[in-house]
Amino acid sequence: MILYGKRFKPVTIHIVMEHCEDNLERKMRRGEINNEKKETYFKQILTGLKMIDDKGLVHRDLKPNNIFIDSSNCAKVGDFGFALEKNSNLVSSYTDGRGNRHFRPPENSHSDEIRLITLQR
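Read in order, the letters of the sequence shown are residues 1 to 121 in full-length UniProt numbering.
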């Protein structure tokens with residue numbers, strides 16, 4: 001996502017980002033994603049998550065509705081409403097039940113332990 005600007009208030013942060021007409025959930029519902037596109041989107045999403053991790057953030061609400069598809073048909077991670085800084089000493093906040101329960105990692109329902117995984121081909 002392209003960041004066009006930001007504005008901080010005492011309690012809220014406003015972020016202005018590029019407009020994307022579609023998202024992964026709608027494309028899935030319409031049956032528009034073949035196996036080749038699944039692989040492409042998966043790689044793009046992982047690239048986005050790596051960038052988020054490199055910036056020291058945890059998204060906490062990753063789901064198809066928050067993967068936006070731009071006019072070039074590229075997948076982009078968005079909606080940072082539940083995001084936290086990784087080193088915020090708020091480990092319990094990573095697993096506090098925010099976000100959609102259907103897309104939460106299983107450890108969030110059972111403990112405060114956070115599991116990191118490695119994906120490679």
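Built from N, CA and C at the ideal position, the CB exists for glycine as well.
In the DSSP assignment, find the unbroken alpha helix (DSSP H) run with residue i in it and report its ends.
i	result
I33	No alpha helix (DSSP H) holds I33; DSSP gives it neither H nor E.
Rounded to a whole number of angstroms, what is the C-alpha to C-alpha distance between residue i and residue j?
i	j	result
N35	I15	33 angstroms
M51	M28	24 angstroms
S71	L46	19 angstroms
D53	G31	30 angstroms
E18	I69	11 angstroms
G56	N87	7 angstroms
L62	C20	17 angstroms
I33	E85	33 angstroms
G78	E39	19 angstroms
K43	V58	18 angstroms
For the beta strand (DSSP E) that residue i lies in, which residues bound it at each end?
i	result
residue 133	No information on residue 133 is available, as it lies outside the stretch 1 to 121 that the chain covers here.
So for residue i, helix, strand or coil by DSSP?
i	result
D22	strand
L62	coil
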